[in-house]
Amino acid sequence: MACLNADLIAKSVNRLRKKRGLSYAEFLRTLTHLHFSNKNIEDIGDISMCRNLTVLYLYDNHITQICNLGFASNLTHLYMQNNNITRVENLSNLQMLSKLYLGGNRIAVVEGLEQLGELQELHLENQRLAPGEKLLFDPRTLLSLAKSLCVLNINNNNIDDVRDLAVLQDLQHFSAADNKLHNTEELEDVFGLWPQLLHMDLRGNPACRTPKYRDRLITACKSLEVLDGREINELTRQFLINWKASKEAKMKRNNTGALIPYPLTNDLNLVQGLTSTAVQRWKKPQPSLRSAKVCDYILMVGRQTLRMDGGSCSGTVADDSPASSPSSSPSPDGRRRELQRARLLQSAGLGGRGRPAAANAARERSRVQTLRTAFLELQRTLPSVPPDTKLSKLDVLILATTYIAHLTRTLQEEGAEEGESTKQTEALNSLKGDGYLHPVKKWPMRSRLYVGASGQFLNTSNASESENQGPSSSKSSSKSSSQ
1 MACLNADLIA KSVNRLRKKR GLSYAEFLRT LTHLHFSNKN IEDIGDISMC
51 RNLTVLYLYD NHITQICNLG FASNLTHLYM QNNNITRVEN LSNLQMLSKL
101 YLGGNRIAVV EGLEQLGELQ ELHLENQRLA PGEKLLFDPR TLLSLAKSLC
151 VLNINNNNID DVRDLAVLQD LQHFSAADNK LHNTEELEDV FGLWPQLLHM
201 DLRGNPACRT PKYRDRLITA CKSLEVLDGR EINELTRQFL INWKASKEAK
251 MKRNNTGALI PYPLTNDLNL VQGLTSTAVQ RWKKPQPSLR SAKVCDYILM
301 VGRQTLRMDG GSCSGTVADD SPASSPSSSP SPDGRRRELQ RARLLQSAGL
351 GGRGRPAAAN AARERSRVQT LRTAFLELQR TLPSVPPDTK LSKLDVLILA
401 TTYIAHLTRT LQEEGAEEGE STKQTEALNS LKGDGYLHPV KKWPMRSRLY
451 VGASGQFLNT SNASESENQG PSSSKSSSKS SSQ
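Quick note: the sequence shown, position 297, residue 297 per the UniProt record's numbering, numbers continuous.
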């Protein structure tokens, strides 16, 4: 085993000294780099004559202690990896040191670096520790390096916690591969405090196998360019950041428990003005729910009548057609009885205000179930459209909602004019079960719809309008017909 001293240095550079024509002492003072790697050096002796030393290569030796370097105030790079060093010591005078390589030694605690205010790179990978041990950090050392350290390499050191490293807010390159980091949330919290981080390598840790590991770290480190050897696309980063923001906003809305109304309007106009943000689930009942507005609609769907009572939260499906004659229509007296029953339900619903939150929640659930039943009944009538008719999803939705609105308006007019002519009611009842009832000619649709007996209804409605016109219009029409 050899000892690094002036004699060993003189032997290695004797030829160069003679070439320059300098004395022994003068030549040692001009040296700035010493290359003594893999020389079986066990100890560092007196080399204080090399006062201008800036770079010292001592890796791949058998050195057990860092010593006799206090003279090298100009030293900037120290390479001592793959030795037998057990403690980091005797470096307080190296105030110009910027790069320190101590990987592959036997260091268990990172300490003794409080005076190295210029240290930018610290390499401590692959420490040969005893079984069950892990690399530890002195908090005083970390605080002293917080404003200067840019590169930290702690690969393969059995590290399972990086919370102590959160103070290193100027880190740009961080490598902690082949450790025991498993808590992804902890990694997000720590790495989110490093705004300058550009490159990070965590390969070989249990955390890498958790779901969304890469996405979560990309959103936590907004300046990260390379993660685990793979570059990060800026478009991908922006997408993940926006996705995380929307997810947090949604969670915040869910925690408030506010009631978001369902997209139900008084005129059953379920298509126009409907947006994705308006269709949201009711999350949690609140005592401050607004009082329920009564929505009493009788929807004619094929041969069945669907009653919706929003105030009393009841939804029933009743078949008004006789069992012996499915195509027959109910009598006007039966229709009036149904309307009176609906008004009774409406008055009962108005008296339900001021109920507790549980009742309001039950009413909302019943309303949703009623709507679901209504649309299921509408879907059951769709096969009555001729097979050769091609309808898009939008056409089907418009057809169904317009059909509901038309029937509702018709029934409301009938209820308001019970003593007047019932020709329109008879036309509706006569067409019950024969297909859709809708003024198709007024539709802004590309496809031509052949909907059951719609033509008969249109002819009947046109005839009723002509009868309601004045005598002059009837005379003119008769003259034109005679001609």
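The beta carbon of each residue, even a glycine, is placed where N, CA and C say it ideally should be. Computed from a predicted structure; not experimentally measured.
Secondary structure of residue i, DSSP reduced to three states
i, result
"residue 40", "coil"
"residue 223", "coil"
"residue 145", "helix"
"residue 55", "strand"
"residue 151", "strand"
"residue 98", "coil"
"residue 89", "coil"
"residue 362", "helix"
"residue 208", "helix"
"residue 10", "helix"
"residue 78", "strand"
"residue 4", "strand"
"residue 397", "helix"
"residue 106", "coil"
"residue 116", "coil"
"residue 231", "strand"
"residue 111", "coil"
"residue 125", "coil"
"residue 69", "coil"
"residue 34", "strand"
"residue 49", "coil"
"residue 60", "coil"
"residue 246", "helix"
"residue 255", "helix"
"residue 217", "helix"
"residue 28", "helix"
"residue 240", "helix"
Short Cβ contact (8 Å threshold) for residue i with residue j
i, j, result
"residue 228", "residue 201", "yes"
"residue 76", "residue 99", "yes"
"residue 126", "residue 103", "yes"
"residue 516", "residue 92", "With the chain covering 1 to 483 only, the question about residue 516 has no answer from this structure."
"residue 66", "residue 90", "yes"
Cβ neighbours of residue i in the same chain (closer than 7 Å, five flanking residues each side left out)
i, result
"residue 111", "88, 138 and 141"
"residue 36", "4, 57 and 58"
"residue 196", "170, 171, 172 and 223"
"residue 1", "40, 42 and 62"
"residue 167", "142, 143 and 146"
"residue 96", "73, 74, 75, 76 and 118"
Own chain partners of residue i with C-beta closer than 8 Å, once the 5 adjacent residues on each side are dropped
i, result
"residue 7", "none"
"residue 206", "180, 181 and 182"
"residue 244", "219"
"residue 203", "177, 178, 228 and 229"
"residue 192", "220 and 221"
"residue 133", "108 and 158"
"residue 232", "218, 224, 225 and 226"
"residue 22", "30"
Option in the options with minimal Cα separation from residue i
i, options, result
"residue 58", "34, 50 and 52", "34"
"residue 215", "199, 184, 360 and 196", "184"
"residue 114", "221, 94 and 104", "94"
"residue 47", "68, 13 and 186", "68"
"residue 164", "148, 186 and 151", "186"
"residue 52", "103, 359, 71 and 368", "71"
"residue 81", "55, 54 and 123", "123"
"residue 175", "151, 232 and 161", "151"
Beta-carbon proximity list for residue i, same chain, < 6 Å, skipping 5 on both sides
i, result
"residue 43", "3"
"residue 109", "136"
"residue 86", "106"
"residue 199", "173 and 226"
"residue 50", "28 and 31"
"residue 241", "219"
"residue 55", "33 and 77"
"residue 237", "218"
"residue 101", "79, 81 and 123"
Contact test: residue i Cβ vs the ligand ZN heavy atom, cutoff 7 Å
i, result
"residue 78", "With respect to the ligand ZN, the structure offers nothing, as it holds no ligand at all."
Original post:
Enumerated in chain order, which unbroken segments of the beta strand (DSSP E) with a length of 3 residues or greater are wholly contained in the region 127 to 203?
Top reply: 151 to 153, 173 to 175 and 199 to 201
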